[in-house]
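Residue numbers (the numbering used here), protein chains in the order written: chain A, 1 to 486; chain B, 487 to 633; chain C, 634 to 800.
Below is one structure, written out as C-alpha cells, with a few remarks after it.
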Amino acid sequence: MENLVQEAIQNVNMQAIMPSLVLCVFGMVLLMVSVFSKRGNTTHVAWLSIAALVITGFVTLSGWNNPQGGFADSVLFDNFATFFSMICIIAAGLTILMSDDYLKREGSPVGEYYPLILFTTAGAMWMASGTDLMTIFLGLEVLSISLYVLAGFFRDQTRSNEAGLKYFFLGAFSTGFLLYGVALLYGVTGTTKIQGIAAYVQANPDSAMNTMFIAGGLLLLVGFLFKIAAAPFHMWTPDVYQGAPTPITAFMSAGPKAAAFAALMRVTIVGLDGLQSELTSLFWVLAVLTMTVGNFIALSQKDLKRMLAYSSISHAGYAMVGLVAWNAVGLSAILFYMLVYTFMNMGAFAVLVLIGKKGEDNLTLDGVAGLGYKKPILGIALTIFLFSLMGLPPTAGFTAKFYIFAGAIKAGYIWLAVLGVLNSAVSLYYYLRIMVQMYFKDPEEDFAWVKINVPTAISIAISVVGVLYLGIVPGAVMNLAKLAGF
Amino acid sequence: MSASTEPPTNLIASSAQDIEGLLSLGLYALIATGLILILLLLARFLGQRTHSEAKDAPYESAVDPTGDARLREPVPFYLVAIFFIVFDVEAVFVVSWAVAYDLLGWAGFWQISFFIFILFLGLVYLWKMGGLEWGSQSARDQKRRIG
Amino acid sequence: MQAILFYLTAVVAILSAFFVMKCRNPINSALNLVTTFLCLAVFYVMLESPFMAAVQIMVYAGAIMVLIIFVIMLLNLGLTVKTRYTHGLAAGGILSVMVLFVANYFTRAGEATGTGGSVTSELIASYGHTELIGRAMFVDFLLPFEIASILLLVAIVGAVVLSKRKV
C-alpha cells in the first residue's frame, strides 16, 4: 500500500497504448476543430482525420515485433493487436474517404461524424489489445456507442433512425450479457485478467463441469458473437446495415467485426485454451449455422445493402471455421480473411455509395441494370469485388477461403470444409444475379447522376489493388499473419 | 454475511446489543406507523365531510382546469438529464480519487487530471453546440439580434 | 441480526421490483424502481461497500431515475398505457419462473467462492473501503478508467448529435 506511487508509475507503459492514444488525441482535436469551424463544411475535418489515421498507422506499425504490455497486465500490444489494429485503421480510412461526398449528397455534413469514427477505431484497438476483460469491455462500449450514433446519423430518415434504435437496444442487451458473463467468470476465478482465467482453467481441469464457469463463458461469447453477427445472434444485421449510412455500413462490416473477432480469439485461445474440445464443437455448429443462414436468406434479397448484410453474416461463418480448426494455419487464416474481407466488402460498398441517388432507393437489383455498359469502370470494379466475395481466383477471396479451409482440413474437419465449399457454391447464385443485372440487362436508366469524386475513387482503387494483390501474391501478408498469431 | 473481525468472546455481548438495538428500532417503527394511522383514522371519523362539484375540483375557487395534465416535456430536459448522468459519474470517479489522493501522489493527480480534462472537452463541446440553451430557436435568434 | 435485515430488505426489493412491472402508471413504476435501488444500496452497505452504496443512490436512484422520468414525460405515455396489455402474461410468467429456476440452478451448482480475492474484511477495516476502490481504480484498472472518460465524451457527443441539430 505504501509504495503505491511507485507501483502506479511502474504500471504505466505509454508504448502499449500509443496508437490508441494518438487516435484519441486526434479525435478530441478534430472534435474541437469541427465545433469551432463553420457548420456545414466538413471537408477539412475529413482530410485531417485521414492524416490522423495515416500517422496512427505508422505508430502502430512501428510496434511490430516489439510487444508492449502494461497497466497491470490490462493491455498487451503484440503483433496480433498490431495486425487487427491495422485492419481497423484501413477500414476507417476507406470509410472516411467515401464519406465526404456522401454526406453532402444526403445533406447531413456534420463534423462530429469523423471524430466518432476515430473513437470507434480506438475502441477497436483496445478490444484487439486488451488482456483484461475490463479493457475489452470498455473498448467494446466505446466502439458500440459511437456506432449507435453513426448508424442513426441521419435524423430525418426513418430508416436510419430505425437502424440506430434497433442497434442500440439489441447492442445494449448483448453488452449486458457480456458484462454478466464477466461478472460470473470473476466470481469463479477471482480475476478479470485473461491470463488469470487461463491459469484457473489449468489448475482446475474440471472447470468444464462448473456450471457457473460455463454460464459465464457462454454469456461472454454471446456478447462477442453478437458483434460479429454470427447466427443465431444475427437478427439485427440486415435492418441495421440497410438503414445506416452506407459508408458506416461498410465500416461496421469490416472494422468492428474484425475487432470482435480479435477479442473473441484472445479470450478463447488464450483464456479458455483448456476447454478447446468443448469450444470447437460449439464453434463447429455455429460456423455451419452462420454461413448457411446468411447464404440462404441472401438468395431472396432484392435490396443490395440487405443482400450484402446477409453476405456479411455468411462471411463471419467462414471466418469462424478458422476458430474451429484452432491451429496455427486456421488462426492466421482468420487474420488474413479479415484483412481481405475489409478490402472486398468496403470496395463493394464504395461502388454502392457512388451509384446511389439521394435517399438510396435505387440500390436494388433492378437499379443496377446495365451498369456495366453505362459506367464500365465502376462495373469492372464491382465485378472484381463480387468475384472476391464469391471466392473465385485470382482474387483475394479465393486465397483467404483457401487458407481457412486448409486449416480446417489440417485439423481434421474435412466435413466442415466440404460444407463451407458447398456454401460458397450457394453464394455464387446471388452474387451472380447482381452481375447478370449489370451486364445482361438493358439499362433502364443512364446513370447520369453518378459523379465519380476523387476520394471515393481512391478508396475503390485501394480496395481493387488490395483484392488483386492479396489474391495473386498472398505470401508476404500471409507470413505477417502467421507471425501475428499466438 | 460478513466475517467479523472481533474475537469470539465479544460475539455474545455484541449480539445482545444487536437485539436491544433491533428492539428499539422495531418499537420506534411501530410507534411511528401507529401514530400516522391513528391520526388518519381520527380525522376520518371525527371530521365532517361534504361533497360538491366545486369542492371536488382540483383547484377550489380558481379557474376551471382545461385539457390534460400531462404535457409533453421538450427535448432539452432529456439532454440535461443525460449530461447530469455523465457528470454525476465523473463526480463519483473524482471522489474515488480524492479519498486516496495521499496514497496516489502526483501520478494519481495527473491521471485524474487527464480524466477531468477529457470531460472538460465534452463540456466545451456541448456548450458550444448549444446543449445548454433553452427556449425555441426563433426566440433565441431574436434575443441575439436585439442584444 | 444481519440475516433478518437482509431478508427484510430482500422482501422489499422483490416486492417493489414486482410493482415496477405491475403498476399501470409509468411514474408509479419509476418510483417503485427507486425503492428497489435503495434496497440494493442497503445490500452494498451490508457487504461492507459503503462507496458502492453511495454510488448506487447518487447515480442510479438519482441521475438515472431523473432520466427515466424525463423520458416518460417526453413520451407522454400517460393515457395510452392505461389500456392494459395482458396477452402473453401467463406465458411470460411461466417463462420467467423457469429462468429463475435455471439461474438458481447455475448459481448453486458452481462454486461462487472458487478463488478468494485479495481484498478481505481485515484489509477493508485497516485501509477503508473507498481508499481500496481508489487504489484499484488508479493502479490495477488505470487503463479501463481512462477509457471510461473517452466513453463519457462519446456519450456527450452522441447525445448532442442525435438530439440537437441546426444550432
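Where a beta carbon is used, it is the ideal one built from N, C-alpha and C, also for glycine.
{"Check": "V222/A - containing alpha helix (DSSP H), residue span", "Outcome": "T211 to K227"}
{"Check": "Touching by the beta-carbon criterion (3+ pairs, under 8 Å), the segment 80 to 93 of chain A and the segment 33 to 45 of chain A", "Outcome": "no"}
{"Check": "One or two residues paired with L31/A in a DSSP bridge", "Outcome": "L31/A is not bridged to any residue."}
{"Check": "Contact the segment 414 to 427 of chain A vs the segment 368 to 386 of chain A: 3+ CB pairs below 8 Å", "Outcome": "no"}
{"Check": "The segment 415 to 432 of chain A in contact with the segment 338 to 358 of chain A per 3-pair CB rule at 8 Å", "Outcome": "no"}
{"Check": "Candidates D442/A, N362/A, E445/A and L339/A: closest to V467/A by CA position", "Outcome": "L339/A"}
{"Check": "The alpha helix (DSSP H) enclosing F336/A, as first and last residue numbers", "Outcome": "A328 to I355"}
{"Check": "Beta-ladder partner(s) of G69/A, from DSSP", "Outcome": "L76/A"}
{"Check": "Alpha helix (DSSP H) segment containing L289/A, residue limits", "Outcome": "Q276 to A298"}
{"Check": "C-alpha gap between N345/A and A250/A, whole angstroms", "Outcome": "7 Å"}
{"Check": "Cβ of S796/C within 8 Å of any chain B Cβ", "Outcome": "yes"}
{"Check": "Where the segment 769 to 790 of chain C meets chain A: residues whose CB sits under 7 Å from a CB there", "Outcome": "F771, V772, D773, F774, L775, L776, P777, I780, A781, I783, L784, V787, A788 and V790"}
{"Check": "CB-CB length for Y341/A against I404/A, believed under 8 Å", "Outcome": "The Cβ separation is near 11 Å, so there is no contact."}
{"Check": "Inter-stretch contact (C-beta, 8 Å, three-pair minimum) for the segment 305 to 316 of chain A and the segment 235 to 254 of chain A", "Outcome": "yes"}
{"Check": "Proximity test, Cβ basis, 8 Å: P494/B and chain C", "Outcome": "Here the model assigns P494/B a pLDDT of 39, short of 50, so the residue's position is not dependable and the matter cannot be decided."}
{"Check": "Bridge partner(s) assigned by DSSP for D132/A", "Outcome": "K193/A"}
{"Check": "Residue from L775/C, M706/C, V645/C and V730/C with nearest C-alpha to L10/A", "Outcome": "Correcting the residue type first, residue 10/A is Gln in the shown sequence and not Leu. When each option's Cα is compared against that of Q10/A, the closest is L775/C."}
{"Check": "Residue environment, W284/A, which counts as buried when at least 16 other CB atoms sit within 10 Å", "Outcome": "buried"}
{"Check": "Contact the segment 201 to 217 of chain A vs the segment 171 to 178 of chain A: 3+ CB pairs below 8 Å", "Outcome": "no"}
{"Check": "Close Cβ partners of L170/A (< 7 Å) along its chain, the five nearest in sequence each way excluded", "Outcome": "W236"}
{"Check": "Chain C within 8 Å of F119/A, Cβ atoms only", "Outcome": "yes"}
{"Check": "For I136/A, the nearest candidate out of V267/A, A254/A, V329/A and H234/A (CA to CA)", "Outcome": "V267/A"}
{"Check": "Strand pairing of D303/A, partner residues [DSSP]", "Outcome": "T364/A"}
{"Check": "The segment 562 to 587 of chain B: positions lying closer than 9 Å to chain A by Cβ", "Outcome": "A586"}
{"Check": "For S62/A, three-class secondary structure by DSSP", "Outcome": "coil"}
{"Check": "Contact set between the segment 507 to 533 of chain B and chain C, restricted to residues whose Cβ is under 9 Å from the partner", "Outcome": "G507 and L508"}
{"Check": "Same chain only: Cβ atoms within 7 Å of I632/B, ignoring 5 sequence neighbours per side", "Outcome": "Because I632/B sits at a pLDDT of 47, beneath the cut-off of 50, its placement in the model cannot be relied upon, and the point is left open."}
{"Check": "Nearest-angstrom Cα separation, counted from V201/A out to F398/A", "Outcome": "37 Å"}
{"Check": "For H720/C, the three-state DSSP class (helix, strand or coil)", "Outcome": "coil"}
{"Check": "E492/B, buried or exposed, once every other Cβ within 10 Å from all chains shown has been counted against 16", "Outcome": "Below a pLDDT of 50, predicted positions are generally treated as unreliable, and E492/B, at 40, falls in that range; the measurement from the model is reported next regardless. Exposed, because fewer than 16 other Cβ atoms sit within 10 Å of the Cβ of E492/B."}
{"Check": "M14/A versus E506/B - alpha carbon distance", "Outcome": "57 Å"}
{"Check": "Y148/A: contacting residues in chain C (beta-carbon distance under 8 Å)", "Outcome": "G791"}
{"Check": "K375/A - DSSP class collapsed to helix/strand/coil", "Outcome": "coil"}
{"Check": "Top-ranked residue by Cα proximity to A46/A, from P67/A, A263/A, A328/A and S99/A", "Outcome": "S99/A"}
{"Check": "Span separating the alpha-carbon of R530/B from that of I524/B", "Outcome": "10 Å"}
{"Check": "Under 8 Å between C-beta atoms of L286/A and A229/A", "Outcome": "no"}
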